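**Q** I'd like to ask you about the structure that follows.
2 protein chains.
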Amino acid sequence: MATDRRKLIIEAAAKSFSLFGFKATTMDQVAKLANVGKGTIYTFFKNKEELFAEIVSSLVNEMKNEAEAVIQPGLPFTENVHRALFRLLEFRSHHQLMIKLIQEEKEMGTIAVSEMLQHIENEILTYIKQKIEGASSKGIIPKTDLELTSFLLFKMYIALVSDWEKSHEPLSSEQIAEIIKVFLLKGIKN
Amino acid sequence: MATDRRKLIIEAAAKSFSLFGFKATTMDQVAKLANVGKGTIYTFFKNKEELFAEIVSSLVNEMKNEAEAVIQPGLPFTENVHRALFRLLEFRSHHQLMIKLIQEEKEMGTIAVSEMLQHIENEILTYIKQKIEGASSKGIIPKTDLELTSFLLFKMYIALVSDWEKSHEPLSSEQIAEIIKVFLLKGIKN
DNA sequence: AAAATGACTAAAAAACTAAAACGGTCAATT
DNA sequence: AATTGACCGTTTTAGTTTTTTAGTCATTTT
Chain A
264 MATDRRKLII EAAAKSFSLF GFKATTMDQV AKLANVGKGT IYTFFKNKEE LFAEIVSSLV
324 NEMKNEAEAV IQPGLPFTEN VHRALFRLLE FRSHHQLMIK LIQEEKEMGT IAVSEMLQHI
384 ENEILTYIKQ KIEGASSKGI IPKTDLELTS FLLFKMYIAL VSDWEKSHEP LSSEQIAEII
444 KVFLLKGIKN
Chain B
264 MATDRRKLII EAAAKSFSLF GFKATTMDQV AKLANVGKGT IYTFFKNKEE LFAEIVSSLV
324 NEMKNEAEAV IQPGLPFTEN VHRALFRLLE FRSHHQLMIK LIQEEKEMGT IAVSEMLQHI
384 ENEILTYIKQ KIEGASSKGI IPKTDLELTS FLLFKMYIAL VSDWEKSHEP LSSEQIAEII
444 KVFLLKGIKN
């Protein structure tokens, strides 16, 4: 009971959004799940969308942490880029909330969800851009167009991790690393 | 009046599908547009879907012709791959019927339309695969996984031609050729 | 006789409506 | 000062009726 009510609400909302998506989650339900009066939610969050934004923000942080955790300073830059990107896309296709949101966008076209997915994509792109920029300034890769490079890398990974398996056997992390090495990084490196 | 009724029907259907999409096109409307009794349509086509399939089949042929027309035997293989792919994707984002079908899939999720778009994508992929296979057997590029190579090339072009311009200035054919040369073809060639 | 037709039908979609559920508020309660 | 849930205007849903549609086929036209 002494637990922070804000935390309770966030946990309840995260669970509900993951289970039922944005539209099918009601504020009454979140209140009941959090053992909190509905009005209390509105002392912490302006409205449903802002509560949703909070949950998605945590999700993005979680993704960034996962990506950071997999980077090892000793390894070559290209290997680390692969590890981080693969982890991000793996997260994207395994995490409950992500799966639900992607499904909700496809099946119901909920606008708030589309916007959030777009936001998440932008966050990932910015993250990649930063990583590449860091290496770029150390002279490891040439200053090609950063925006374009990260965009292409991201699209490539989406294609290899998510799109490919819609009509073929999934590719392992090692296979994808090899493919990227053969196709893409030859172009970036030196 | 002496004109072939089958041709009249196809022209009317093509116009109507392009203007209103699959669902919003009615057989009565096609009949009226073709100056033909509705029953006559059914002497040439089993049902609405088969009429749709006929129109899409023409579209695919048209696309292949456009791609072929742009290939010049004297040019290097990679240049021709670029010309063909760019033309195909350009067609995809400028042709009336294509635009309408992509819109209808996104906004209404019409199943018949999704299936047709998938079919068109497969046709393009097969076309690319054939082109690359031809060059591959002549020893110009190594026998990497054909399926994967054509898949990646296609995804790359979709990303550069269609996705990029959703949040940036569109890229010209020359820019895309340069990007593909720098990033991808260094990996394929030799 | 063969080809073309449009009135017809069963099935699907759209329009309508009443009832339920929803997000958000705020006077009452703790 | 913090929390609450009954309450309100609006939106969604579920159930029903009406309209539209794909496809057929007896009749008409060539």
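Protein chains in written order, with our numbering: chain A, 264 to 453; chain B, 264 to 453.
Don't be surprised by glycine CBs; every beta carbon is placed ideally from N, CA and C.
Since this is a predicted model, take the numbers as computed values, not measurements.
8 Å is my cut-off, CB to CB: does G450 (chain B) come that close to chain A?
**A** Because the pLDDT at G450 (chain B) is just 45, under 50, the model does not fix this residue reliably, and the value given afterwards should be weighed accordingly. True, the Cβ-Cβ gap to chain A drops below 8 Å.
**Q** Going straight from the alpha carbon of K363 (chain B) to that of A398 (chain A), what length do you get?
**A** A398 (chain A) has its alpha-carbon roughly 43 Å from the corresponding atom of K363 (chain B).
**Q** In chain order, what residues of the same chain lie with their CB nearer than 8 Å to the CB of I318 (chain A), ignoring the 5 residues before and after it?
**A** I273, A276, A277, F280, L360
**Q** DSSP state of F283 (chain A), grouped into three classes?
**A** helix
**Q** With 16 as the cutoff for other CB atoms within 10 Å, does H345 (chain B) come out buried or exposed?
**A** By the C-beta density criterion, H345 (chain B) is buried, having at least 16 other C-beta atoms within 10 angstroms.
**Q** Please report the straight-line C-alpha distance between W427 (chain B) and L416 (chain B), rounded to a whole angstrom.
**A** 15 Å
**Q** Should F414 (chain A) be flagged as near chain B, meaning a C-beta pair shorter than 8 Å?
**A** yes
**Q** Go through its chain and collect everything with a Cβ distance to A287 (chain B)'s Cβ below 6 Å, but skip five positions before and after it.
**A** none
**Q** At what residues does the alpha helix (DSSP H) containing L416 (chain B) begin and finish?
**A** 409-420
**Q** Could you give the residue range of the alpha helix (DSSP H) that holds K301 (chain B)?
**A** 301-307
**Q** Do V323 (chain A) and E378 (chain A) have their beta-carbon atoms positioned less than 8 Å apart in this structure?
**A** no
**Q** Given V299 (chain B), which residues of its chain have a CB within under 7 Å of its CB, disregarding the five upstream and five downstream residues?
**A** R268, L271, I272
**Q** Looking only at C-alpha atoms, which of A:T306, A:F315, A:D291 sits nearest to A375 (chain A)?
**A** A:F315
**Q** Are the CB atoms of F354 (chain A) and M326 (chain A) within a distance shorter than 8 Å?
**A** Their beta carbons are under 8 Å apart, which means M326 (chain A) touches F354 (chain A) by this criterion.
**Q** I'd like to know if P387 (chain B) contacts chain A, where contact means its C-beta is closer than 8 Å to some C-beta of that chain.
**A** Looking at the sequence shown, residue 387 (chain B) is not Pro but Ile. Output row for I387 (chain B): interface = no.
**Q** Helix, strand or coil for S436 (chain A)? Go by DSSP, reduced to three states.
**A** Looking at S436 (chain A) - three-state DSSP - the assignment turns out to be helix.
**Q** Near E396 (chain B), what residues of its chain come up, given a Cβ to Cβ distance below 7 Å and the 5 sequence neighbours on each side ignored?
**A** L409
**Q** Could you tell me whether the Cβ atoms of K394 (chain B) and A347 (chain B) are closer together than 8 Å?
**A** yes
**Q** Label G450 (chain A) either buried or exposed according to how many other C-beta atoms from any shown protein chain fall within 10 Å of its C-beta, with 16 as the threshold for buried.
**A** Here G450 (chain A) scores only 45 on pLDDT, less than 50, and its place in the model is too uncertain to base an answer on.
**Q** On a CA-only basis, which of B:H357, B:F308, B:L423 is nearest S436 (chain B)? Give me that one, please.
**A** Nearest neighbour of S436 (chain B) by Cα position, chosen from B:H357, B:F308, B:L423, turns out to be B:L423.
**Q** Put H431 (chain A) into one of helix, strand or coil per three-state DSSP.
**A** Coil at H431 (chain A), not helix or strand.
**Q** So, with DSSP's three-state summary, where would you put T288 (chain B)?
**A** coil
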